[in-house]
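**Student:** Take a look at this one; I'll ask things after.
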């Protein structure tokens, strides 16, 4: 039995209903016992109606999450919201649960109406499939241009946590989106769960970048059905952090066209905010990403990216930079290093760029991936 | 006689001194009459010492600007600043002008020391070449991965303005940089010139993006030698705006790997700042840039990019979007349009994306280019 299904009372499924030309495109996560839950959602101000719909349920107990891939249902106005409600209503009816206990998620192309004539009968089949549905079915139903499935499972003894994720790639193949769904048998109230989840997301999913584009449909949802009873909050938080860290890593590793995962470590910042601003400025630099793709020790691009955020404090004369543990910039000036050895070290699949700012004690780890020709190819294509 | 040389008392030159393997790499713009001047410089906090050096001369009169390509002289610490001073001193000596009247600019790879043993004798030859130097020589000496030379000339009758520019491409081939040098025979004081230039730069060079990377060496310099005497400020400003607009356009058109120029028009914003934030968020979206490269009417990516700036105010329900004058989003919802006709329209070399926010009366035009496989190729390569 796999991850999500090891949580008592959880059933999952995934089917092809016809939103995508092929492959599964409709998934369900169902908890027999109504669960507490929390969600963290995209900060894009253009959102899919499912985001608003789910947020309104923040005080409810949740029985099911229904997710489709292939269509983001964004830029669809009132009809888009009506479709979300319809999906929730049909799901509730077929599962025999409360309408107010259903969450909805979409991922895919923006600006198209959902093909409800395919989704409606799909939901009926999907609910019927829960008897034999596997985590693989469920993961496949939320995938778009993902090349790999992404799941993590952790048994803490006193409780279990399991999660799946998709993205961040461009969807079908048109939009960057990440979705993650996590279930646990631990018992926490909605607001406590929200606090714990938010902290974990801030340190994981909020510290990754594939291409600097914020999706309209992002969400991370956790359901806690409480079958394991009350558990230690700190230990649970650590466990959830592990789950989120691993899922975030898997998303970056599977970034569109990505051949390398790049770990950016900023240390010695005055504030946490500065550390994050500088780390993300490096993570989003096309010049850094193409240099790492080419396995070039082009520290100048990293140094330059350190200075581009207008608010974050730096002193160029204090900056030290290491590429794969080779010091390349010492106090703002090129260090003596063996270029050939560094080039060799950059052939690894995992690259570390470490920056010491020398201004304080705050630090930040941020993950990104390299930028390849494949990325441009995937996103230039239109279907 | 070409642009810069039509300004009375201006001489220019460009030679190969050996910083780059081939092609001219050292240029000079010389004004026989010490000129008032103004400059606008990069906002990156990591800068080349030439930036600090030039800023210190803001109250001086200027006789010469010496520029090299192939090496940005950034990340070079004290030695870098010593080299700038040395270059200015040798130039001053050879031209027989004041040390304090020389400006220095570099463009090229970051983190390498300048090959002074090549530059020193080069300056001597360069000064000697002023007798026969052409604007082409001068433009070639500041080029890196630029595929075309970029110059504009305007005769206003009462005065002339001529300018050249380089970038924004990646330099040699490692760093994005733009440099622009403008000369005029109009007469303005340094501080008045600064005001005029700053306004023009804000509306032109500060509204273009190739890859969202801020260079460490950016500068726009104007020299006004005053031989035409006092002129009408408003008319001169209009002329300078034209010069800057054309140079900025040429830079975007020649962006690395660029096949299309994309004009982003944001209208109906609450504030100018909001308009710029939204325009630049669209201009820097890899998804928008790859979609335009693929000639795909992927309005969803544009809509999504409208919402990503955390501070700029939007109301998704009010947004209208046009691609090449075809309405594709009406009040946040996909409009009815003929996809084939829009695809056809996107085959043009110049694309216009127009966004109406419906919140106010501020607007902004921003230029960017598409993102191609060629861009990734150029910047993945290391030399």
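Protein chains in written order, with the working numbering: chain A, 4 to 386; chain B, 4 to 386.
Where a beta carbon is used, it is the ideal one built from N, C-alpha and C, also for glycine.
Can you round the beta-carbon distance between residue 194 of chain B and residue 250 of chain B to whole angstroms, since I take them to be within the 8 Å contact cut?
**Tutor:** Locating residue 194 of chain B in the second chain gives position 191, counting from the first residue. Locating residue 250 of chain B in the second chain gives position 247, counting from the first residue. With a Cβ gap of about 23 Å, residue 194 of chain B and residue 250 of chain B do not count as contacting.
**Student:** Near residue 57 of chain A, what residues of its chain come up, given a Cβ to Cβ distance below 8 Å and the 5 sequence neighbours on each side ignored?
**Tutor:** Here residue 57 of chain A is taken as the residue at index 54 of the first chain, counted from 1. These residues qualify, in order along the chain: 42, 44, 106, 107, 108, 222, 224.
**Student:** Whole angstroms are fine: how far does the CA of residue 203 of chain B sit from the CA of residue 94 of chain A?
**Tutor:** Translated into the one-based positions of the first chain, residue 94 of chain A becomes position 91. Translated into the one-based positions of the second chain, residue 203 of chain B becomes position 200. Going by the C-alpha atoms only, they are around 58 Å apart.
**Student:** Tell me which same chain residues have a C-beta within less than 6 Å of the C-beta of residue 175 of chain B, skipping the five on either side of it?
**Tutor:** Translated into the one-based positions of the second chain, residue 175 of chain B becomes position 172. Any reading at residue 175 of chain B must be qualified, since the residue scores a pLDDT of 32, below 50, and its modelled position is unreliable; the value itself is stated next. Closer than 6 Å at the Cβ level, and outside the excluded window around residue 175 of chain B, lie 73, 111, 112, 147.
**Student:** Run down chain B in chain order and give the residues with a C-beta less than 9 Å from the C-beta of residue 340 of chain A.
**Tutor:** On the first chain, position 337 is the one that residue 340 of chain A refers to. None at all; the shortest Cβ gap to chain B is about 11 Å.
**Student:** Across the segment 309 to 319 of chain A and the segment 345 to 365 of chain A, are there enough close Cβ pairs to call them in contact, namely three or more that are closer than 8 Å?
**Tutor:** yes
**Student:** Apply the 10 Å Cβ neighbour rule to residue 75 of chain B and answer buried if 16 or more other Cβ atoms are within range, or exposed otherwise.
**Tutor:** The residue labelled residue 75 of chain B in the question sits at position 72 within the second chain. Classification of residue 75 of chain B: buried, given that the 10 Å Cβ count is 16 or more.
**Student:** Would you mind telling me which residues of chain A sit closer than 8 Å to residue 317 of chain B, beta carbon to beta carbon, in chain order?
**Tutor:** The sequence position of residue 317 of chain B within the second chain is 314, counting from 1. Neighbours of residue 317 of chain B on chain A, chain order: 48, 49.
**Student:** Answer with yes or no whether the minimum CB distance from residue 366 of chain B to chain A is below 7 Å.
**Tutor:** Your numbering for residue 366 of chain B matches position 363 in the second chain. No, residue 366 of chain B does not count as interfacial toward chain A.
**Student:** Is residue 326 of chain A helix, strand or coil by DSSP?
**Tutor:** Within the first chain, residue 326 of chain A is the residue found at index 323, counting from 1. Correct three-state label for residue 326 of chain A: strand.
**Student:** Just tell me which of A:289, A:302, A:90 has its CA closest to the CA of residue 376 of chain A.
**Tutor:** Your numbering for residue 376 of chain A matches position 373 in the first chain. That would be A:289, whose Cα lies nearest to the Cα of residue 376 of chain A.
**Student:** What do you get for residue 178 of chain A, buried or exposed, if any count of 16 or more other CB atoms within 10 angstroms of its CB means buried?
**Tutor:** In the first chain, residue 178 of chain A corresponds to position 175, counting from 1. With a pLDDT of only 41 at residue 178 of chain A, under 50, the local geometry of the prediction cannot be trusted, and no value is derived from it.
**Student:** DSSP puts residue 166 of chain B in a beta bridge; with which residues?
**Tutor:** Numbered from 1 along the second chain, position 163 holds the residue referred to as residue 166 of chain B. Residue 166 of chain B pairs with B:155, B:185.
**Student:** So, is the C-beta of residue 177 of chain A closer than 7 Å to a C-beta in chain B?
**Tutor:** Looking up residue 177 of chain A in the first chain gives position 174. Low confidence applies here, because residue 177 of chain A scores a pLDDT of 39, under 50, leaving its location unreliable; read the following figure in that light. With 7 Å as the cut-off, residue 177 of chain A counts as an interface residue toward chain B.
**Student:** Would residue 2 of chain A pass as a contact of residue 280 of chain A if the rule is Cβ separation under 7 Å?
**Tutor:** Residue 2 of chain A lies beyond the stretch modelled for chain A, which goes from 4 to 386, so this question has no answer here.
**Student:** Identify the contact partners of residue 383 of chain A in chain B, using a Cβ-Cβ distance below 7 Å as the criterion.
**Tutor:** Within the first chain, numbered from 1, the residue matching residue 383 of chain A stands at position 380. Simply 293, 296, 297.
**Student:** Give me the chain B residues within the contact set of residue 208 of chain A, using Cβ-Cβ distance strictly less than 9 Å, ordered along the chain.
**Tutor:** Locating residue 208 of chain A in the first chain gives position 205, where the first residue counts as 1. Near residue 208 of chain A there are no residues of chain B at all, since even the closest Cβ is about 16 Å away, more than 9 Å.
**Student:** Is there a Cβ from chain B that is less than 7 Å from the Cβ of residue 219 of chain A?
**Tutor:** Start at 1 with the first residue of the first chain, and residue 219 of chain A comes out as number 216. Closer than 7 Å: yes.
**Student:** Kindly identify the DSSP beta-bridge partner or partners of residue 109 of chain B.
**Tutor:** Taking the first residue of the second chain as 1, we reach residue 109 of chain B at position 106. In the DSSP output, where bridge partners are listed per residue, residue 109 of chain B has B:71.
**Student:** Among B:19, B:52, B:114, B:63, which residue has its Cα nearest to the Cα of residue 36 of chain B?
**Tutor:** The residue given as residue 36 of chain B occupies position 33 in the second chain. When each option's Cα is compared against that of residue 36 of chain B, the closest is B:63.
**Student:** In the DSSP assignment, find the unbroken beta strand (DSSP E) run with residue 369 of chain B in it and report its ends.
**Tutor:** Mapped onto the second chain, residue 369 of chain B falls at position 366. 365 to 372 is the span of the beta strand (DSSP E), which, as asked, contains residue 369 of chain B.
**Student:** If you draw a straight line from the alpha carbon of residue 384 of chain A to that of residue 294 of chain B, how long is it in whole angstroms?
**Tutor:** For the purposes of this step, residue 384 of chain A is identified with residue 381 of the first chain, where counting begins at 1. For the purposes of this step, residue 294 of chain B is identified with residue 291 of the second chain, where counting begins at 1. Rounded to whole angstroms, residue 384 of chain A to residue 294 of chain B spans 7 Å at the Cα level.
**Student:** Tell me, please, whether the segment 11 to 29 of chain A touches the segment 119 to 136 of chain A by the rule of three or more beta-carbon pairs shorter than 8 Å.
**Tutor:** yes
**Student:** Looking at the C-beta of residue 285 of chain B, does it have a partner C-beta in chain A at a distance below 7 Å?
**Tutor:** Your numbering for residue 285 of chain B matches position 282 in the second chain. No, its Cβ sits nowhere closer than 7 Å to a Cβ of chain A.
**Student:** Is residue 335 of chain A buried or exposed, if buried means 16 or more other CB atoms sit within 10 Å of its CB?
**Tutor:** Counted from its first residue, the first chain places residue 335 of chain A at position 332. Buried, by the Cβ-count rule.
**Student:** Measuring only the C-alpha atoms, how far is residue 173 of chain B from residue 20 of chain B?
**Tutor:** Numbered from 1 along the second chain, position 170 holds the residue referred to as residue 173 of chain B. Numbered from 1 along the second chain, position 17 holds the residue referred to as residue 20 of chain B. Low local confidence applies: a pLDDT of 43 at residue 173 of chain B is under 50, so the model's placement there is unreliable, with the coordinate-based value given in what follows. Their backbone Cα atoms lie some 21 Å apart in a straight line.
**Student:** What is the residue span of the beta strand (DSSP E) that residue 242 of chain A lies within?
**Tutor:** Stepping through the first chain from its first residue, residue 242 of chain A is reached at position 239. Careful: residue 242 of chain A lies outside any beta strand (DSSP E), inside the alpha helix (DSSP H) at 236 to 256.
**Student:** Bridge partners of residue 295 of chain A, per DSSP?
**Tutor:** Locating residue 295 of chain A in the first chain gives position 292, where the first residue counts as 1. According to DSSP, residue 295 of chain A bridges with nothing at all.
**Student:** Would you identify the three-state DSSP class for residue 213 of chain A, choosing helix, strand or coil?
**Tutor:** Along the first chain, one-based indexing puts residue 213 of chain A at 210. It is coil, neither helix nor strand.
**Student:** Along the chain, where does the beta strand (DSSP E) that runs through residue 267 of chain A open and close?
**Tutor:** As a first step, residue 267 of chain A is located in the first chain; it is residue number 264 there, counting from the start. Taken as a continuous stretch (DSSP letters only), the beta strand (DSSP E) holding residue 267 of chain A covers 264 to 272.
**Student:** Nearest to residue 257 of chain B by alpha carbon, out of B:235, B:299, B:214, B:228?
**Tutor:** Counted from its first residue, the second chain places residue 257 of chain B at position 254. Ranking the options by Cα distance to residue 257 of chain B, first place goes to B:214.
**Student:** Give me, in chain order, the residues of the same chain whose beta-carbon lies closer than 7 Å to that of residue 100 of chain A; leave out the 5 immediate sequence neighbours on both sides.
**Tutor:** The residue you call residue 100 of chain A lines up with position 97 of the first chain. Cβ within range, chain order: 66, 67.
**Student:** Does residue 20 of chain B come out as helix, strand or coil in the three-state DSSP assignment?
**Tutor:** Taking the second chain and counting its residues from 1, the one referred to as residue 20 of chain B is at position 17. Here residue 20 of chain B sits in coil by DSSP.
**Student:** Using the beta-carbon of each residue, which ones in chain A are nearer than 7 Å to residue 151 of chain B?
**Tutor:** Reading the second chain from its first residue, position 148 is the one you call residue 151 of chain B. Those within 7 Å of residue 151 of chain B in chain A number zero; the least Cβ separation is about 22 Å.
**Student:** When DSSP labels each residue in this structure, what does residue 115 of chain A get in the three-state scheme?
**Tutor:** Sequence index remark: in the first chain, residue 115 of chain A carries index 112 (1-based). In the structure shown, residue 115 of chain A sits in coil (DSSP, three-state: anything other than H, G, I, E or B).
**Student:** Once DSSP output is grouped into helix, strand and coil, what is the label at residue 66 of chain A?
**Tutor:** For the purposes of this step, residue 66 of chain A is identified with residue 63 of the first chain, where counting begins at 1. Looking at residue 66 of chain A - three-state DSSP - the assignment turns out to be strand.
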